[in-house]
Amino acid sequence: MKVVIHEIAFGGKGVGRLEDGRVVFVPFVAVGEAVEIEVIRERRSYVEARAVSIENASPERVEPRCPYFGRCGGCSYQHLSAAEQGRLKRQQVEGVLRRIGRLGDVPVRETVPSPRDYAYRNRITVHLDEGAIGFFGQETGRGRPLIDVANCPISEPAVNALLARFRARPWRREGHCTLRADPAHAGGFLQTNDGAAEKLLALVAGLLPPPGSGTGATHLVDAYCGAGFFARHLRDRFEQTVGIEWDRRAVEQAQRDAAPHERYLCGDVAAALPDVLAVAPKGQTLLLLDPPSEGTTAEVRRAIVSAPPAEIIYVSCNPATLARDLASLGSDYEILSVTPLDMFPQTAEIEAIAHLRFKQA
Ligand SMILES: C[S@@+](CC[C@H](N)C(=O)[O-])C[C@H]1O[C@@H](n2cnc3c(N)ncnc32)[C@H](O)[C@@H]1O
113 MKVVIHEIAF
123 GGKGVGRLED
133 GRVVFVPFVA
143 VGEAVEIEVI
153 RERRSYVEAR
163 AVSIENASPE
173 RVEPRCPYFG
183 RCGGCSYQHL
193 SAAEQGRLKR
203 QQVEGVLRRI
213 GRLGDVPVRE
223 TVPSPRDYAY
233 RNRITVHLDE
243 GAIGFFGQET
253 GRGRPLIDVA
263 NCPISEPAVN
273 ALLARFRARP
283 WRREGHCTLR
293 ADPAHAGGFL
303 QTNDGAAEKL
313 LALVAGLLPP
323 PGSGTGATHL
333 VDAYCGAGFF
343 ARHLRDRFEQ
353 TVGIEWDRRA
363 VEQAQRDAAP
373 HERYLCGDVA
383 AALPDVLAVA
393 PKGQTLLLLD
403 PPSEGTTAEV
413 RRAIVSAPPA
423 EIIYVSCNPA
433 TLARDLASLG
443 SDYEILSVTP
453 LDMFPQTAEI
463 EAIAHLRFKQ
473 A
């Protein structure tokens with residue numbers, strides 16, 4: 113059976129259509145390719161398949177650098193150029209905003225690339241089971257096999273050196289273990305790709321008015337702040353900054369480096385945000401949201417619209433929950449831009465940064 117791939121869906125699979133009208137999902141293919149497929153799983157409305165052969169290889173194809181690519185569950189796009197990955201990720205963000213958020217007219221900018229396509233991860237979590245040390249395979253669900261991995265080309269050389277040492281003398285027989293390039297890390301969330309994290313900071317700073325212009329917000333609320341990654345770097349642009357985070361160790365670390373006009377609260381954003389926004393000057397407050405992949409809760413969104421800050425910058429690691437949250441804030445806020453950032457090249461993950469302005473501000 114042959115299908116033509118017309119799109120790569122968010123998650124990394126190519127999309128084609130069978131003669132009977134059902135959609136077919138095929139991994140490790142490219143847009144425009146005519147693919148001979150073998151059906152793996154059939155459902156009423158869609159089919160999962162694998163590519164057996166490709167008639168017309170896409171010009172965007174490149175040689176994958178990892179011997180485990182195709183089996184390891186970590187990467188989806190090593191067979192595609194970095195430029196094509198960026199193009200796909202932008203298209204996927206647009207598609208998800210349209211389908212989930214009904215946000216068809218949001219300006220989605222070009223994807224900001226990572227400075228490195230490979231050797232960028234500063235940490236990995238490897239799993240151990242029955243002598244294998246590595247990552248879970250492509251299959252989903254319970255019982256998926258563990259792929260024994262000796263080297264991970266998307267990770268920094270320092271991380272691969274730790275992996276080699278760990279494999280020589282594993283200090284566990286089963287479970288999992290996180291290997292970090294920075295041995296001094298005290299715990300809590302830390303950005304995984306240092307070069308792309310710099311770009312993320314520059315992108316967020318670039319959404320603010322120029323320093324010294326006398327325009328823009330005077331107060332920053334950094335919700336889901338971790339150890340203060342954004343607040344610390346942006347504090348000179350504000351008269352007051354407040355960070356909210358429930359991981360105590362991260363908050364203690366943020367407090368250690370804090371300037372006098374910079375405060376950190378340890379607690380649930382849903383519980384702390386109403387009080388923080390109630391005393392912040394509405395027309396002068398920027399709310400930065402950087403939640404985990406589940407996005408914000410309805411409680412958090414209610415707190416925002418009850419005491420609406422002038423601007424919101426929403427840093428998301430999941431376009432689907434971003435779309436839901438933007439749709440819910442959409443009657444009060446104008447969505448000025450959404451910018452995808454390729455924090456995790458070769459993988460299907462997408463970071464996206466949305467900039468919102470209160471409609472009556
Ligand atoms: C994606 S990380 C971002 C951290 C930080 N902005 C950074 O860039 O390093 C999300 C953070 O939110 C925290 N978090 C998750 N849910 C939370 C909640 N309901 N209340 C407070 N913090 C929460 C996590 O502990 C984590 O540090």
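Under the working numbering, the residues of the sequence shown are numbered 113 to 473, in order. Each residue gets a CB set at the ideal place from its N, CA and C atoms; glycine is no exception.
| Query | Result |
| --- | --- |
| Glu150 - partner residues in DSSP beta bridges | Arg162 |
| Classification of Ile149 by the beta-carbon crowding that lies within 10 angstroms, buried from 16 upward | buried |
| Beta-carbon proximity of Leu215 to Leu209, cut-off 7 Å | yes |
| Three-state secondary structure assigned by DSSP to Phe247 | strand |
| Ala435, enclosing beta strand (DSSP E) - first and last residue | Element bounds for Ala435: not the beta strand (DSSP E) but the alpha helix (DSSP H), 431-441. |
| Contact the region 277-284 vs the region 329-341: 3+ CB pairs below 8 Å | no |
| Rounded separation between Pro421 and Ala161 - CA only | 47 Å |
| Alpha-carbon spacing of Gly249 relative to Pro269, whole angstroms | 22 Å |
| Beta strand (DSSP E) segment containing Ser325, residue limits | Per DSSP, Ser325 belongs to no beta strand (DSSP E) and is neither H nor E. |
| Cβ-Cβ distance between Thr353 and Ala362 below 7 Å | no |
| Euclidean distance between Cα positions of Leu130 and Arg414 | 44 Å |
| Cβ-based burial, Ser165 [other Cβ within 10 Å; buried from 16] | exposed |
| Ligand 1 heavy atom lying under 6 Å from the CB of Pro437 | What sits at residue 437 in the sequence shown is Asp, not Pro. Asp437: no, Cβ never under 6 Å from ligand 1. |
| Opening and closing residue of the beta strand (DSSP E) in which Pro452 lies | 445-453 |
| Cβ neighbours of Val141 in the same chain (closer than 6 Å, five flanking residues each side left out) | Ile117, Gly126, Val147, Ala163 |
| Opposing strand residues paired with Gly126 [DSSP bridges] | Ile120, Val138 |
| Buried or exposed by the 16-neighbour rule on C-beta atoms within 10 Å, applied to Thr252 | exposed |
| Terminal residues of the alpha helix (DSSP H) in which Phe341 lies | 341-346 |
| Check: Pro404 C-beta below 6 Å from any heavy atom of ligand 1 | yes |
| Cα-Cα separation, Val271 to Cys264 | 9 Å |
| Residue from Glu196, Pro295, Gly287 whose Cα sits closest to the Cα of Pro171 | Glu196 |
| Whole-angstrom C-beta distance between Ser226 and Asp454, which should lie under 8 Å | 5 Å |
| Run of the beta strand (DSSP E) containing Gln365, from where it starts to where it stops | Note, Gln365: premise wrong, no beta strand (DSSP E); alpha helix (DSSP H) at 360-368. |
| Cβ-based burial, Asp229 [other Cβ within 10 Å; buried from 16] | buried |
| beta-carbon Cys178 near ligand 1 non-hydrogen atom, thresh 6 Å | no |
| Which residues DSSP lists as bridging His467, in chain order | Ile425, Ser449 |
| Which listed residue (Ser193, Ala194, Gly213, Arg221) has its alpha carbon closest to that of Arg202 | Arg221 |
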